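Visitor: Shown below is the structure under consideration.
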Amino acid sequence: PTGFRVLTGDRPTGNLHLGHYFGSLLNRVRLQRAGVETFVLVADYQVITDRDGVGPIRERVLSLVADYLAVGIDADASTIFAHSAVPALNQLMLPFLSVVTDAELRRNPTVKAELDATGDRPMSGLMLTYPVHQTADILFCKANLVPVGKDQLPHLEQARVVARRFDERYGRAGDGSAPVFPRPEALLSNAASVLGTDGQKMSKSRGNAIELGMDADTTAKLLKRAVTDADRHITYDPANRPEVSNLVLLTALSSGREPEDVAAELGDGGGAALKKAATEAVNEMLAPVRARRAELVADPAYLLQVLRTGNERANAIAEATLSEVREAMQM
Ligand code: ADP
Ligand code: NA
């Protein structure tokens, strides 16, 4: 054990894709292999934060578990669990909410963006308190390291503030000298966004994603339609040629090469050769992931078992933390 405990996770709002793979999943597998204790949260309750019609969440939870296992997250080494199966998570929200102000929640960039977007329409209380929701996700297991992108730093700062204020207000020694919670640190990712076939950020909801579970033919069709530009000379120049560079990068990441080398080799081959190279590299890299995923999806009882085991572990830890919290609060 490294002494690090990491909390990561996803909302079950759609199938995971190459953006998730290169942007976060590979990193989780690396942390796990380095002996870091990893918690992987399927944030099913969070789906109702900003969506009215949510559909069958339970099926998407199992699909996410299949994605995790297929890319190499190890169900024995990591704890994969669903928020809705851990009631103590929500109980932690109450004392946490008592140490934040509505003004600071309104200043949180995600909440503020939502407030701006909703205008005169009402915003749910769950949306307003979303940063505290995330705080509970992080603090329940006393995670001390949280992989985040730059945009999520304010959430992590909120978790640190809640941890500090909780310990100051309710801490066992009354003066914050016997902290219940660690102050979680950010593991900042500087990975560039993977673009989708339309040249915008690859996203679950834009219809521009190469999903991990797609078959090779669908992948080929989607990449064939990918946006490129008129210059037949292939270069790696993300600032000036984002679409072409994204395909070069996908090819490079998928085949363990440098983007500059991939571009040089393609030379004056044009968009068609680039798409062919990207398709081959992506399909070859994903072939074992897809084969494993297909086996997993065919065995829902196993996926449920993995989730149940993770839920039990997460529940035990959440209950223990809640006991400490109540103890500190003299409840
Ligand atoms: P949500 O589950 O909230 O909809 P997203 O699916 O947008 O979240 O993304 C979850 C995380 O996956 C992001 O914080 C980021 O680390 C990673 N990710 C998602 N899309 C991409 C992308 N196109 N490129 C790189 N990383 C991505
Ligand atoms: Na998204």
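For the sequence shown, UniProt numbering assigns the number 376 to the last residue and increments by one with no breaks. Ideal Cβ positions, reconstructed from N, Cα and C, are used throughout, including at glycine. Bear in mind the structure is a predicted one, so any value in this text is a computation, not a measurement.
#1: Closer than 8 Å by C-beta to V74: which residues in its own chain qualify, once you throw out the five before and the five after it? Chain order, please.
#2: Between which two residues does the beta strand (DSSP E) holding E357 run?
#3: Determine the closest residue to P132 out of E369, E357, M374, with distance taken between C-alpha atoms.
#4: Would you mind reading off the limits of the beta strand (DSSP E) that contains D276?
#5: Between which residues of its own chain and S299 is the CB-CB distance below 6 Å, once the five residues before and five after are set aside?
#6: My understanding is that A271 touches L292, with C-beta atoms under 8 Å, so please give their C-beta distance in whole angstroms.
#7: Just checking V239 against the ligand ADP - is the residue's beta carbon closer than 7 Å to any of the ligand's heavy atoms?
#8: Taking C-alpha atoms, which residue in V191, I93, G59 lies nearest to E82?
#9: Kindly provide the ranges of any alpha helix (DSSP H) runs that are 4 or more residues long and lie completely inside the stretch 141-189, ordered along the chain.
#10: Please look up how many angstroms separate the CB atoms of T53 and G80, rounded, as I've assumed it's under 8 Å.
#11: For L268 versus A181, is the C-beta spacing smaller than 8 Å?
#12: On the CB-based measure, 16 or more other CB atoms within 10 Å of its CB, does N235 come out buried or exposed?
#13: Measuring only the C-alpha atoms, how far is T155 from E310?
#14: What number of angstroms, rounded off, separates the C-alpha of residue 40 from the C-alpha of V193?
Guide: Judging by the given coordinates:
#1: Cβ neighbours of V74 beyond the five flanking positions: V116, G117, I118.
#2: No beta strand (DSSP E) holds E357; the alpha helix (DSSP H) holding it covers 345-373.
#3: Closest by alpha carbon: E357.
#4: For D276, there is no enclosing beta strand (DSSP E), as DSSP gives it neither H nor E.
#5: The residues A326, V327, M330, in chain order, have a CB closer than 6 Å to that of S299 in the same chain once the five nearest residues on each side in sequence are set aside.
#6: Contact flag correct, Cβ pair sits at about 6 Å.
#7: If you check the C-beta of V239 against the ligand ADP, you find a heavy atom less than 7 Å away.
#8: When the alpha-carbon of E82 is set against those of V191, I93, G59, the nearest one is in V191.
#9: Here the runs fully enclosed are 147-152, 154-163, 170-173, 175-184.
#10: With a contact defined as Cβ atoms closer than 8 Å, T53 and G80 miss out at about 16 Å.
#11: When the beta-carbon positions are compared, L268 and A181 stay at least 8 Å from each other.
#12: With fewer than 16 Cβ atoms within 10 Å of its Cβ, N235 is classed as exposed.
#13: For the pair T155 and E310, the Cα-to-Cα distance works out to about 42 Å.
#14: Limits of the chain in this structure are 46 at one end and 376 at the other, which puts residue 40 out of reach.
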